[in-house]
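Have a look at the structure below, then the notes.
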Amino acid sequence: MNSQKISDLEKLLNSLENIIKEARLAIAKSQPPTHLIESFKSHIDDLAKIFILTESDLELEHKKYIYSNIAKFVKDKIDNQNNSLDVCLKAVYSLCGETDAQLVDIGVYNSQTDQIIAALKAVIMSIRIHYTKTDVVDTYSLQTEIIVLMSRDGNPKITRIEEEVSWDDLPSEVRHSFFKEDRNSVSFQIYPQE
Numbered sequence: 032m033n034s035q036k037i038s039d040l041e042k043l044l045n046s047l048e049n050i051i052k053e054a055r056l057a058i059a060k061s062q063p064p065t066h067l068i069e070s071f072k073s074h075i076d077d078l079a080k081i082f083i084l085t086e087s088d089l090e091l092e093h094k095k096y097i098y099s100n101i102a103k104f105v106k107d108k109i110d111n112q113n114n115s116l117d118v119c120l121k122a123v124y125s126l127c128g129e130t131d132a133q134l135v136d137i138g139v140y141n142s143q144t145d146q147i148i149a150a151l152k153a154v155i156m157s158i159r160i161h162y163t164k165t166d167v168v169d170t171y172s173l174q175t176e177i178i179v180l181m182s183r184d185g186n187p188k189i190t191r192i193e194e195e196v197s198w199d200d201l202p203s204e205v206r207h208s209f210f211k212e213d214r215n216s217v218s219f220q221i222y223p224q225e
């Protein structure tokens, strides 16, 4: 969450605290706090907007995190440390068809990026993201699966980057699938695009 959103949230929470204090005083004096109801409603709407924006920030951070893991793999295993992580990340965004301007407009797209994209298209068969429920409450497995053709025998090699994430760190679409659809796992293929 950026500093402006934090500042806005702090101001809003201070306003809500003042409204609650005024309401308590009115109730203590046996007066109905009707004049505060409209003010409270407008602040609740503002609070909801901030939480919606915060949710989208968290989703963006989650996407960045996944793409960064893929870019690290590309840099280490496919590009052999020839280019910076930023160049590899830009190539991964392009390969996966990412269009979010908050992600793709960062960094410089250059001829090295094109070379990496060509190399990735030659060896990467697929990239999938898997979320799976674990036995621990509110903990989920996040697995980034990259299937590449790089072995001399021509057989695909599967690399899995695994970690645990909390419920709060899951994208809203994944939480919806776990909660509303009662699924045990959710998977997405990000390359090639389905």
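Terminal number for the sequence shown in this note's numbering: 225, no gaps in between. Backbone N, C-alpha and C define an ideal beta-carbon position, used for all residues, glycine too.
Check	Outcome
Can you give the Cα-Cα distance for Asp169 and Arg206, rounded to whole angstroms?	11 Å
Would Asn141 be called buried (16 or more neighbouring beta carbons within 10 Å of its own) or exposed?	exposed
Counting only runs that start and end within the stretch 63 to 126, where is the alpha helix (DSSP H) found for 4 or more residues in a row?	65 to 104 and 116 to 126
Does the Cβ-Cβ distance between Leu120 and Ala102 come in under 7 Å?	yes
Do three or more CB pairs link the stretch 57 to 73 to the stretch 157 to 176 at distances below 8 Å?	no
Where do the ends of the beta strand (DSSP E) carrying Gln220 lie?	Ser216 to Tyr222
Under three-state DSSP, which class holds Ser178?	Before going further, note that residue 178 is Ile rather than Ser in the sequence given. Three-state DSSP puts Ile178 in a strand.
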